[in-house]
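S.K.: Position 350, counted from 1, in the sequence shown is what my numbering calls 471; the numbers after and before it change by one each time, with no gaps.
Quick reminder that beta carbons are idealized off the backbone N, C-alpha and C, glycines included.
Given the structure is predicted, the values throughout are model-derived calculations rather than measurements.
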Amino acid sequence: MPNTFAPIIRNLSQRTSLSMARTSLFQCVALLACVFAAASYSLVYLAQELNRFEDSESAFYTRKAVQSLEKSQRLTVKDYAFWGDAYKHLHVSVDTDWAYTRENVGPTLFHDFGFQGVFVVDDLDRTVYALVEGKLQPIELTEWLDQPVAALLEQARAGAATDTPVTTFINVRGNPTLVAAAAITPGTDPSVIADDRKASVLLFINILDSAKLTEIGNDFGVDHLHIATPDEIGETLLFALGENGAAGSLHWHPERPGMRLVAVGLPLLGLAALLVCLMTWLIVRRTTADAQALDNSHTSLQDSQNALATSEARFRDVVEASSDWVWEIDGEWRFTYLSERFESVTGLDRQAWIGATLYDLLDTDAGALSQWLTTPGRLADISLQCRYVDARGRERTTRLSAREMPCGGFRGTATDVTEEVEARRRIEFLSQHDALTGLPNRTRLQAFLDGKLKALPTLT
């Protein structure tokens with residue numbers, strides 16, 4: 122009975138080579154994008170760290186510059202205040218000739234040290250000696266500073282016993298001003314005897330204008346050191362002068378090495394990313410084409426396999442529906458393959474006959490089977506009638522067809538024609554014998570006489 126078969130169809134996986142290649146490449150692109158994003162973030166972070174470090178460094182050097190200025194001015198006022206001659210000519214009595222004309226405490230303090238104001242205040246807090254920008258001026262200290270200085274004078278007098286000057290920052294007409302004050306004492310001069318009055322105070326006043334701040338900043342590597350404007354007060358790079366910034370604040374423009382790094386690094390990183398993207402695009406394009414070709418090849422192979430499977434299934438159904446069984450023999454005439462139909466047709470165990478020779482199973486009146494199979498020029502569609510004995514011991518007739526295999530040996534089919542041969546014999550018998558008596562009929566007699574007559578010698 123015919124079999125109903127289902128073709129063996131091996132569908133391509135949902136994840137084809139193309140989709141897998143694209144997925145892998147997109148993952149690679151995503152990974153590269155993450156790498157470049159991380160590199161960009163690291164570059165920006167490093168740039169910010171460099172800028173913060175530079176801010177810290179510049180703030181440190183600004184503080185050092187201010188401290189150095191204070192220290193220098195304290196030492197200067199100390200040299201002039203703790204001096205026996207100064208005590209005699211500026212405290213005991215004020216000698217302007219000694220101080221100004223002879224330039225002991227005169228214009229050189231302005232020209233050499235840049236002190237815009239030099240003042241001497243006596244024990245009654247009156248200004249007894251005043252130099253403004255190197256020139257004698259009849260002006261009170263409080264009037265010139267436009268603010269009281271009593272607390273500063275008391276601090277200076279308090280340091281007389283230890284020869285310690287004081288400094289402070291005040292605001293004078295919008296400019297931060299450093300004031301160094303020290304009590305005038307005989308110092309270490311044993312020839313000068315101190316009186317009982319309160320000590321007079323010597324004050325050196327240094328107004329920090331833009332030119333001075335720029336010069337100080339250049340000496341300490343601080344760029345564009347200047348007085349902070351109202352717009353700059355809220356910024357972080359400020360150095361407050363005086364108590365809580367009462368004298369003003371300093372501002373500066375530190376270098377930005379991070380910006381230079383970003384200006385150079387980001388374009389290079391972008392160029393590298395562009396090149397990598399271009400290379401990735403080329404790889405994606407080529408890999409996609411290769412994957413597409415591979416998928417097409419796989420599809421073609423699958424179609425061929427499906428067609429082959431369908432053909433095999435059809436052939437199997439046809440063979441199983443007929444009385445044919447398929448056989449193969451090697452170069453030594455031994456069976457190497459017998460189809461499943463062999464058992465149903467012959468009743469013999471096909472595994473038992475694998476390895477047996479063709480002669481062990483089949484016999485023919487036309488001579489040796491090997492002679493027929495190896496006949497030169499034998500047509501492949503010519504068959505040979507053979508005999509064999511089935512599992513029940515009955516002689517069966519089969520029609521054998523064969524083709525030579527390229528690797529040696531033969532492959533063919535065997536069709537059971539036992540019923541056909543017997544039917545032909547029966548028809549032939551009935552055509553020559555009476556159906557009721559079984560005796561030869563006229564046809565048989567006529568054939569017998571014709572045969573005898575042909576056997577007689579011909580008369581000449």
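1) Does the stretch 326-334 come close enough to the stretch 295-306 to have 3 or more Cβ pairs within less than 8 Å?
2) Going residue by residue through the stretch 372-447, where are the continuous alpha helix (DSSP H) segments of at least 4 residues, counting only ones entirely within it?
3) Looking at the secondary structure, which residues open and close the beta strand (DSSP E) in which GLN506 lies?
4) What residue range is occupied by the uninterrupted beta strand (DSSP E) comprising LEU324?
5) In whole angstroms, what separates the C-alpha of GLY369 from that of PHE360?
6) Taking PHE240 as the reference, which of PRO259, ARG223, HIS232 and THR222 has the closest Cα?
7) Grab me the residues of GLU669's own chain with a C-beta within less than 7 Å of its C-beta, minus the 5 sequence neighbours each way, in chain order.
8) Please report how far the alpha carbon of GLY572 lies from the alpha carbon of LEU483, in whole angstroms.
9) Beta-carbon within less than 8 Å of THR408's beta-carbon, same chain only, minus the 5 sequence neighbours each way: which residues are those?
10) Taking the beta carbon of GLN426 as the centre, do at least 16 other beta carbons fall within 10 Å, making it buried, or is it exposed?
11) Helix, strand or coil: how does DSSP classify VAL187 here?
12) Is the distance from the Cβ of PHE531 to the Cβ of LEU574 below 8 Å?
13) Quick check: the Cα distance between PRO388 and ILE348, rounded to an integer number of angstroms?
14) Would you say ASP511 and LEU469 are within 8 Å of each other, going by their C-beta atoms?
15) Would you say ALA202 and PRO307 are within 8 Å of each other, going by their C-beta atoms?
16) Are the CB atoms of ASP445 and ARG471 within a distance shorter than 8 Å?
17) At 4 residues or longer, and completely inside the stretch 252-296: list those alpha helix (DSSP H) runs for me, N to C.
18) From this set, PHE290, ALA279 and LEU390, which residue's C-alpha is nearest GLN268's C-alpha?
19) Quick one: what's THR518 bridged to in DSSP?
20) Start and end of the beta strand (DSSP E) containing VAL241?
21) Grouping DSSP H, G and I as helix and E and B as strand, with all else coil, what is ALA220?
22) What three-state label does DSSP hand LEU459 in the structure shown?
23) If you draw a straight line from the C-alpha of THR357 to the C-alpha of LEU211, how long is it?
24) Return the residue from the list ARG278, ASP317, ARG381 and ALA315 that minimises the CA-CA distance to LEU171.
25) Alpha carbon to alpha carbon, how far is HIS419 from VAL466? Give it in angstroms, no decimals.
26) Mind reading off the beta-carbon distance from LEU635 to VAL242? Whole number of angstroms is fine, and I expect it under 8 Å.
M.R.: Reading from the atomic positions:
1) yes
2) 378-442
3) 505-510
4) 322-328
5) 9 Å
6) PRO259
7) Outside the displayed span of the chain (122 to 581) sits residue 669, for which this structure offers no information.
8) 34 Å
9) ALA142 and LEU146
10) exposed
11) helix
12) no
13) 37 Å
14) yes
15) no
16) no
17) 262-266 and 271-279
18) PHE290
19) ARG508
20) 238-242
21) helix
22) strand
23) 45 Å
24) ARG381
25) 41 Å
26) Residue 635 is absent from the structure shown; the chain starts at 122 and stops at 581.
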